[in-house]
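Chemist: Starting off with a structure, shown below.
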Amino acid sequence: MTAALDQAREVREEDRLDVARVDAFLRQHIDGLHGVPTIRQFAGGASNLTYLIGYGERELVLRRPPAGVKAKSAHDMLREAHVMAALKPHYPYVPAILARCDDHAVLGHDFYVMERLRGIILRRDLPAGLGLDEAGVRRLCLGFIERLVELHQVDAALPELAGLGKGEGYIARQVGGWSERWRQAKTDDTDPCKDVLAWLAAKQPPRETAICVIHNDYRFDNVVLDPGHPLDIIGVLDWEMSTLGDPLMDLGGSLAYWVQADDDAVFQSFRRQPTHVPGMLTRREAVAHYAERSGWSVGNFDFYEVFGLFRLMVIIQQIYRRFVLGQTSNPQFAGFGQAAAYMGQRCRRLIAGSSL
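If you read the sequence shown in our numbering, its first letter stands for residue 118, the second for the next number, and so on.
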């Protein structure tokens, strides 16, 4: 099972840290550190950079934004750390925050340090040796949905969560904001998707299902499984987009990445988590289980599912625009324009079959 554990690797040259400064900061703020630290880098996480820092058997995780990112941007590390620290007493799957730093003399950025949750993180396929049969996979999948329900049941009115987000009006802000991001990300070869934007604007619910703490990036590759009992989730990672909003927006966003066994070959090529294997719930089953556990109505879930796909379409198109403008030369982004167009087609298929 050791091979299935999430592993760190050698730090990329452009992402190297000043070991002496990191060591001095950590010793000042965290007790019981001995010896010379080792620093390695986790491959996951395309937004912020994540490092594994080892002092013998003691392991810490440091998160910081990429080089060149200004402090008060989408990569707000201190906000993420604040959210995690506030949630930890009420949602035990949050890793414990050990230190935060706003002194740019240390690394040139805000950053925070948290406990390392040693466990299994599922990527595109189930790791060899995991040993889950179809019934086990189903139990794991049910638990994945139930941990999301648990998050949404945290009391969003708790004083320590004040300032996490505006809450009321979340749906309208999201529809308006992501529609504008789409317009800004278009390129000359982009399908304008005006019909999708118009449908979302017309069919958005007049009010939120509830105002809850939402994760906004809840996927299998953001949860940690117990290496000894891989049916059990012991951690939820990557809280940078967490806010107060509609819980069904959270579920819809999660299902945008949920590629099931009977999806077409194009959507299969997008798969980044093992939601296709026997035992995994279908998207419909996931929604039904969520509704059963949460008690909330999902009669208008078509809107949330279309919006989740639309948001993913915008993210893909934003990357493609950067490629077209020469801001990134990664050749894998050359096909992202077609990928965004495909997501638009999926939105249209859902809209065509919707009763809203």
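C-beta: ideal position from N, C-alpha, C; glycine also.
Give the secondary structure of V341 by DSSP, where H, G and I count as helix, E and B as strand, and everything else as coil.
Modeler: strand
Chemist: Look at the Cβ atom of A222, then the Cβ atom of H146, and state whether they are nearer than 8 angstroms.
Modeler: no
Chemist: Start and end of the alpha helix (DSSP H) containing I214?
Modeler: Careful: I214 lies outside any alpha helix (DSSP H), inside the beta strand (DSSP E) at I214 to C218.
Chemist: Helix, strand or coil: how does DSSP classify A188 here?
Modeler: At A188, the pLDDT of 43 sits below 50, so the modelled position is not reliable; the number obtained from the coordinates is stated separately. A188: coil per DSSP, three-state reduction.
Chemist: CA-CA distance, R138 and L224?
Modeler: 8 angstroms
Chemist: Rounded C-beta distance between Y168 and P154? I'm assuming under 8 angstroms.
Modeler: Y168 to P154, Cβ: 10 angstroms. No contact.
Chemist: Using the three-state DSSP reduction, which class does E232 fall into: helix, strand or coil?
Modeler: strand
Chemist: Pull up the distance between the alpha-carbon of G345 and that of L177, whole angstroms please.
Modeler: 21 angstroms
Chemist: Report the rounded CA-to-CA distance for D220 versus H226, giving the unit in angstroms.
Modeler: 7 angstroms
Chemist: From which residue to which residue does the beta strand (DSSP E) around I433 run?
Modeler: Per DSSP, I433 belongs to no beta strand (DSSP E); it is in the alpha helix (DSSP H), F418 to V441.
Chemist: Give me, in chain order, the residues of the same chain whose beta-carbon lies closer than 7 angstroms to that of V136; leave out the 5 immediate sequence neighbours on both sides.
Modeler: P154 and I156
Chemist: Would Y210 and I432 be called neighbours here (beta carbons separated by less than 8 angstroms)?
Modeler: no
Chemist: Alpha carbons only, please: which of G443, F418 and Y459 is nearest the one belonging to G470?
Modeler: F418
Chemist: Taking the runs of the alpha helix (DSSP H) that are 4 residues or longer, which of them lie wholly in the region 249-322?
Modeler: 251-269, 287-302 and 311-320
Chemist: Would you report the Cα separation of R256 and L150, rounded to the nearest angstrom?
Modeler: 39 angstroms
Chemist: Of the residues I328, Q291, C329 and Y335, which one's Cα is nearest the Cα of L317?
Modeler: Q291
Chemist: Would you mind sorting S414 into buried or exposed? The rule is 16 or more other CB atoms within 10 Å of its CB.
Modeler: Under this definition S414 is an exposed residue.
Chemist: Beta-carbon separation of V376 and Y459 under 8 angstroms?
Modeler: Judged by beta-carbon spacing, Y459 lies beyond the 8 angstroms limit of V376, meaning their Cβ atoms are not closer than that value.
Chemist: Nearest-angstrom Cα distance between E127 and Q158?
Modeler: 6 angstroms
Chemist: Whole angstroms are fine: how far does the CA of M231 sit from the CA of D355?
Modeler: 12 angstroms
Chemist: For F450, which of helix, strand or coil comes out of DSSP?
Modeler: helix
Chemist: Taking the continuous alpha helix (DSSP H) assigned at G370, which residues delimit it?
Modeler: P364 to L372
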